[in-house]
Each structure stands twice: as structure tokens, then as C-alpha cells.
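In our numbering, the protein residues as written are 6 to 277. Written below as C-alpha cells is the structure these notes are about.
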Ligand SMILES: Cc1cc2nc3c(=O)[nH]c(=O)nc-3n(C[C@H](O)[C@H](O)[C@H](O)COP(=O)(O)OP(=O)(O)OC[C@H]3O[C@@H](n4cnc5c(N)ncnc54)[C@H](O)[C@@H]3O)c2cc1C
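Structure follows, in C-alpha cells:
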């Protein structure tokens, strides 16, 4: 169907974003390709360095999966902020990534951890980094005839790893004004051996700060080092303004929330 009608067809997964967009006439596809009954798109598999989730996995199932939460804790932490129990019962992991809202939680986790996105069409499959896949607000590099098939979430093997996710929204369940995620690994002396930091709602796509996070490696994650990292990250944001928040306020939130997740991740890592 996608190969034949790609330009005028749309995949429908949980329908939690597509149906509202159709109701508002923002999208008017001639064909809907319903992937809900494709069992091959519903799985969780743990490999050595990454966890694979099928694109059509319901968000609630991923959220409740204890094995996944142990390997990629940010998934459960982020999903707690995605909409409501009712929307997570229906919404899928792949749908959230394909929808590519710049404030959405799962694209932020994918971008910040460096997840791989597997796309399939009748011509074959290709694998992209989340950063290549997410190209702008509500836009991805997927072609109209491609279906998102699965996502590979990196698993950190470091024993002392901690992660944290937080956001500010008008009401819990609303899209974030700004969201922040961090993951840190430390050695037995508390020295940082690996770091990742990301911000959502702070630009047209979720942002990952690999260079800024790398500067934390080798430090003891003192408050000053964390504040500097948070401040540097917020300077690299390019948030929009709307009736909820100005650009300056979003940038302020970016700094405060980045500091908050880094400190929380540090404490969790040291407790391991
Ligand atoms: C009240 C409410 C609150 C919400 N709050 C949040 C929130 O706080 N954070 C958040 O991130 N989301 C939120 N959402 C959106 C929700 O997370 C959606 O589930 C998600 O954005 C889309 O997933 P879906 O499976 O419902 O996809 P659908 O709505 O079915 O599809 C969304 C888009 O992705 C495409 N698509 C879906 N699956 C595939 C695939 N496998 N391959 C290719 N294209 C595909 C569709 O063609 C469509 O363009 C909210 C939704 C509602 C209704």
C-alpha cells in the first residue's frame, strides 16, 4: 500500500496524534495503512549493547517492562511524562518517533542516547541514527513509502549508571515546554566515566550535547561542573516563543532542568 500510494497514504498506529491531526484537517490522507495487527512490529529483544523494540509496541507495555527498565531506564522515566495512561494504552513507540514533535519525550531519549531507527520499504531496509532521522518539527527523513520497523536503544554496560528525566508543562500530560534527560556513569571513586545530556522543546528537534557531556568525563561531577554544563547547553538552544512561554523563559528552563537531571543522575549513579 505504501509503495503504491506512499504520497497519499499514511501509516496509522495508535492514532493518538494522527487522528487529532485528521480531525483538524491538518492531514487528509486518502489511504490509511493500519499496522496494529502486525505482530512482527510488536516485540522487545535485549541484545548485548542495545535493546530492540518493535515500532508498534504500545507505550504502556514498554513503560511496564521491567527488563527494559533495567537496561534502558530512561524509557520508563520518560514515558511517565507522555500524555496520560489512556493515550499510552494506545500510542506506540514508533508513532511517537515518526510524529517527531520537538517537545515529545521519546524522540528526546532516542536523540540523546543515540538510538538507531530501522526503516523498511518494499525496496529493503535502512538504519539511521536518531539525529539523522529527526530533521525538524514534525518532520523526519523517512520516505513516504517507508514504515518505521524497530528502534535500537543503546544499553550502557557501566555498573554505576544513573539517569533522570524531567520536564515543565502547563499541566501534567501536556506537551513539555522544556524537557531534559541525562545519563551518567561513574567509577568506584565517583569520577564520571561516561555522560549524555539532552533537551527537548528547546529547538526544532530534540538536542543532544555530546561535547558538553564529554567535558564532564573525568570530573567528580561537582556542582560547579554540572552548572557549567547546564549553562553551556542552554546557550546552544534555539527555543520558540508562544502564549505559554517566551524564548528567554524556555532558555532559563533549559538551564535549570539540565542542572536538575544531571544532579539526579549523579546521585543515582553513586548509589549503584
Ligand atoms: C491528550 C494527548 C496528550 C498527549 N501528550 C503527549 C505528550 O505529552 N508527549 C508526547 O510525546 N506525546 C503526547 N501525545 C501523543 C502520543 O504520544 C502519540 O501516541 C504519539 O505522538 C503518536 O503515536 P501513535 O502510535 O498514536 O501514532 P499515530 O497517531 O497513529 O501516528 C502518528 C504519526 O506517525 C506515523 N506513524 C506511526 N507509526 C508509524 C510507523 N511505524 N512507521 C511510519 N510512520 C508511522 C503516522 O503516519 C502519523 O504521521 C498525546 C496525545 C494525546 C491525545
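All C-beta atoms in this analysis are idealised placements derived from N, C-alpha and C, irrespective of residue type, glycine included.
Taking 8 Å as the line, does the beta carbon of residue i fall inside it for any heavy atom of ligand 1?
i           : result
residue 197 : no
residue 25  : yes
residue 139 : no
residue 206 : no
residue 77  : no
residue 71  : no
residue 2   : Given a span of 6 to 277 for the chain in the structure shown, any question on residue 2 remains unanswerable.
residue 209 : no
residue 15  : yes
residue 158 : no
residue 32  : yes
residue 154 : yes
residue 106 : yes
residue 86  : yes
residue 46  : yes
Assuming residue i contacts residue j (C-beta within less than 8 Å), just tell me the rounded distance between them.
i           : j           : result
residue 114 : residue 83  : 5 Å
residue 203 : residue 183 : Contact doesn't hold; Cβ gap of about 11 Å is too wide.
residue 156 : residue 120 : 6 Å
residue 268 : residue 231 : 6 Å
residue 122 : residue 262 : Residue 122 to residue 262, Cβ: 25 Å. No contact.
residue 212 : residue 166 : At roughly 21 Å, the Cβ-Cβ gap does not stay under 8 Å, so residue 212 and residue 166 are not in contact.
Provide the residue(s) that pair with residue i in DSSP beta bridges, ordered along the chain.
i           : result
residue 97  : 63
residue 170 : 186
residue 139 : 145
residue 203 : 186 and 213
residue 33  : Paired residue(s): none; residue 33 is not in a bridge.
residue 133 : 122
residue 55  : 159
residue 191 : 197
Can you tell me where the beta strand (DSSP E) holding residue i begins and where it ends?
i           : result
residue 153 : 152–159
residue 251 : Residue 251 -> no beta strand (DSSP E), and no H or E assigned at all.
residue 14  : 14–17
residue 51  : 49–51
Just reading off the alpha helix (DSSP H) that residue i is part of, what are its end residues?
i           : result
residue 126 : Premise fails: residue 126 lies in the beta strand (DSSP E), 121–126, not in any alpha helix (DSSP H).
residue 239 : 228–240
residue 83  : 78–84
residue 222 : Looking at the DSSP string, residue 222 is not in any alpha helix (DSSP H), and its letter there is neither H nor E.
residue 87  : Segment: none, residue 87 is in no alpha helix (DSSP H) and carries neither H nor E.
residue 10  : 7–10
residue 28  : 23–28
Please confirm whether any heavy atom of ligand 3 lies closer than 8 Å to the CB of residue i.
i          : result
residue 95 : The model depicted lacks ligand 3 and carries ligand 1 instead.
Review point. Do three or more CB pairs link the stretch 70–87 to the stretch 122–136 at distances below 8 Å?
Key: no
Review point. Below 8 Å, can you find three or more Cβ-Cβ pairs linking the stretch 63–79 to the stretch 91–98?
Key: yes
**Study point:** Cβ pair count under 8 Å reaching 3, the stretch 19–27 against the stretch 160–178
**Key:** no
Review point. Can we say the stretch 8–16 touches the stretch 133–149, given the rule of at least three CB pairs closer than 8 Å?
Key: yes
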